[in-house]
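Data block below; observations after.
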Amino acid sequence: MNSIMRICHITSSYPRFDQEGNARFVRAIAEAQTTLGHEVHVLAPYTPEVQAYSSPVQLHWVRYILPARLGVMGHAGALENDKHLRGSVLWQAPLFAASLAIRMQMVVLQKRIDLIHAHWAIPSGFMASWIARANRKPLFVSLHGSDMYLARENALFREMAKWALQGANGITACSQPLAETAIGIGACAERLHILPYGADLMELTPEIFANRWRIQLGLPVESCIILAVGRLVAKKGFTQLVRAMPLVLKQVPGARLIILGEGFERAALEHLGAELRVQDRVFLPGAVSWTLVAKYLAAADVLVMPSVQDEKGNLDGLPNVILEAMAAGRPVIATRIAGIPLAVQDKVTGVLVDEADPELLSAALINLLTSPAKREAMGRAARARIETELNWIQFARRLDQIYDTDWEKRRDA
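Under this note's numbering, the sequence shown has 415 at position 408, and the numbering climbs by one with no breaks.
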């Protein structure tokens with residue numbers, strides 16, 4: 008196959024401005040492919056938040072509704088608290104599908120696209136499958152989490168996902184549970200690849216002068232800083248982390264918990280902190296720019312990702328902030344679910360605990376916060392793993408191998 012390809016990514020979420028953290032991993036994948044020499048295009052839904060920014064990727068924003076501020080398709084807008092579909096999705100979905108199909112067809116023809124890569128089986132994979140078949144282009148679908156959750160919960164979405172998966176030349180999943188769900192829906196196991204995410208080696212580097220970032224961020228220099236990052240929704244498990252804080256503070260009185268992100272669970276987390284009388288040690292600064300996230304990672308002693316399967320059965324695929332913390336040389340405490348064990352090596356680059364268990368979480372935190380040498384050793388091991396294996400260039404190379412393997416099969420057929 009030609010070493011240089013024209014690739015078109017279809018995604019329902021993508022950073023709308025340079026510092027947005029939403030779906031930053033999709034941007035990282037696309038930009039890593041340009042580093043390998045490919046011409047990369049991305050189609051994503053337009054919202055009023057879109058701002059022009061410098062990128063080697065050619066962005067095509069799809070307008071589907073007027074006024075644009077009413078749109079809920081994509082950018083984590085279709086699901087309320089990551090559990091329930093918003094009612095407006097029912098009438099906006101056909102508008103988005105039609106607009107996306109027209110724009111996708113134009114890009115495929117005008118840019119002479121070689122292959123189509125969809126992120127999330129629904130809605131992107133479903134729509135991309137029609138265009139790929141009509142134009143006889145290979146289709147690859149990446150599963151990230153919420154798509155398989157929707158497919159399990161809704162018969163129509165299940166059929167849409169089935170159509171996308173069975174029409175795909177290759178499928179990637181960031182966790183084994185996602186892969187198993189996809190196979191149950193109808194995906195071909197031989198075309199499915201477990202592919203954990205990566206992190207940027209240049210944007211995030213181990214910071215030995217953490218105190219300067221603490222001063223800049225207004226954090227006490229001598230405190231133990233526990234950091235968590237993510238949307239404030241049930242599946243992130245931040246409730247369990249707040250519940251762990253009273254036990255942590257008994258052993259590490261100077262500890263502070265900072266949870267970066269915004270979402271439906273904010274009021275509940277604030278109420279829980281007050282109820283447990285730890286409100287003066289639990290801070291919710293809200294959603295912050297990517298630059299600030301990197302500074303908080305540099306200032307933190309440990310990152311915690313206490314993901315859980317929520318009551319509706321939804322769970323993360325592989326929270327990318329875990330790999331970003333590892334790139335920054337920070338140990339990670341996380342739950343042993345979904346794709347997390349693919350990134351965190353227990354007792355090597357961090358600590359894995361059972362989900363929804365504040366006592367185990369607090370014990371892991373106390374153990375690391377009271378042992379600087381252990382934190383430093385795990386942080387070094389974490390960074391080394393990112394450098395050798397879990398970075399975006401390696402991820403893009405693995406995608407190239409998947410693309411090439413499919414091309415060889417089609418050539419020999």
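The C-beta atom is built at its ideal place from N, Cα and C for all residues, glycine as well.
Reference Gly-280; option with closest CA among Lys-302, Leu-299, Leu-256 and Ala-301: Taking the first residue of the sequence shown as 1, we reach residue 280 at position 273. Closest option to Gly-280, Cα to Cα, is Leu-256.
task: Classify Leu-66 as helix, strand or coil using the three-state DSSP reduction.
output: Working through the sequence shown from its first residue, we reach residue 66 at position 59. Leu-66: strand per DSSP, three-state reduction.
message: I need the boundaries of the alpha helix (DSSP H) containing Val-96, first residue and last residue.
response: Here the question's residue 96 lines up with position 89 in the sequence shown. 96-117 is the span of the alpha helix (DSSP H), which, as asked, contains Val-96.
query: Any idea what DSSP makes of Glu-269, helix, strand or coil?
result: Locating residue 269 in the sequence shown gives position 262, counting from the first residue. Note: Glu-269 maps to coil in three-state DSSP.
query: Does the Cβ-Cβ distance between Asp-413 and Arg-198 come in under 9 Å?
result: Start at 1 with the first residue of the sequence shown, and residue 413 comes out as number 406. Start at 1 with the first residue of the sequence shown, and residue 198 comes out as number 191. Contact flag set, yes.
- request: For the segment 180-259, list the alpha helix (DSSP H) runs that are entirely contained and at least 4 residues long, ordered along the chain.
  value: 183-192, 217-224 and 245-258
- prompt: Using the C-alpha atoms, what's the distance from Glu-396 back to Gly-244?
  reply: Here residue 244 corresponds to residue number 237 of the sequence shown, with the count starting at 1. Here residue 396 corresponds to residue number 389 of the sequence shown, with the count starting at 1. Straight-line Cα distance between these residues: approximately 27 Å.
Element boundaries [beta strand (DSSP E), containing Ile-17]: Taking the sequence shown and counting its residues from 1, the one referred to as residue 17 is at position 10. Looking at the DSSP string, the run of the beta strand (DSSP E) that includes Ile-17 is 13-18.
message: Quick check on Ala-262: buried or exposed, where buried means 16 or more other Cβ atoms within 10 Å of its Cβ?
response: Counted from its first residue, the sequence shown places residue 262 at position 255. Result: buried.
message: Using only CA atoms, which one of Gly-336, Gln-258 and Ala-175 lies nearest to Leu-146?
response: Taking the sequence shown and counting its residues from 1, the one referred to as residue 146 is at position 139. The candidate whose alpha carbon is nearest that of Leu-146 is Ala-175.
query: Opposite Ala-341 in the DSSP bridges: which residues?
result: Locating residue 341 in the sequence shown gives position 334, counting from the first residue. Met-312 and Leu-359.
task: Could you give the DSSP three-state label for His-126: helix, strand or coil?
output: Position 119 of the sequence shown, counted from the first residue, corresponds to residue 126. Looking at His-126 - three-state DSSP - the assignment turns out to be strand.
- request: Starting from Leu-367, follow the alpha helix (DSSP H) in both directions and report where the run begins and ends.
  value: Here residue 367 corresponds to residue number 360 of the sequence shown, with the count starting at 1. Note, Leu-367: alpha helix (DSSP H), 365-376.
- prompt: Alpha carbon to alpha carbon, what distance is there between Ala-389 and Glu-210?
  reply: For this step, residue 210 is matched to residue 203 along the sequence shown. For this step, residue 389 is matched to residue 382 along the sequence shown. If I take the Cα positions, the gap works out to 16 Å.
- request: Compute the beta-carbon to beta-carbon distance between Ala-35 and Trp-399, rounded to the nearest angstrom, for a pair I have assumed lies under 8 Å.
  value: Residue numbering aside, residue 35 sits at position 28 when the sequence shown is read from its first letter. Residue numbering aside, residue 399 sits at position 392 when the sequence shown is read from its first letter. The Cβ separation is near 5 Å, so the contact holds.
- prompt: Under 9 Å, do Ile-393 and Ala-307 count as touching if we go by C-beta distance?
  reply: Mapped onto the sequence shown, residue 393 falls at position 386. Mapped onto the sequence shown, residue 307 falls at position 300. Cβ distance not < 9 Å, so Ile-393 and Ala-307 don't count as in contact.
query: Going by the CB atoms, is the gap between Leu-276 and Leu-299 shorter than 9 Å?
result: Numbered from 1 along the sequence shown, position 292 holds the residue referred to as residue 299. Numbered from 1 along the sequence shown, position 269 holds the residue referred to as residue 276. It is not a contact, given that the beta carbons lie outside the stated cut-off.
- prompt: Whose C-alpha, out of Lys-319, Glu-318 and Pro-348, is nearest the C-alpha of Pro-326?
  reply: For this step, residue 326 is matched to residue 319 along the sequence shown. Looking at the Cα atoms, Pro-348 is the closest of the given residues.
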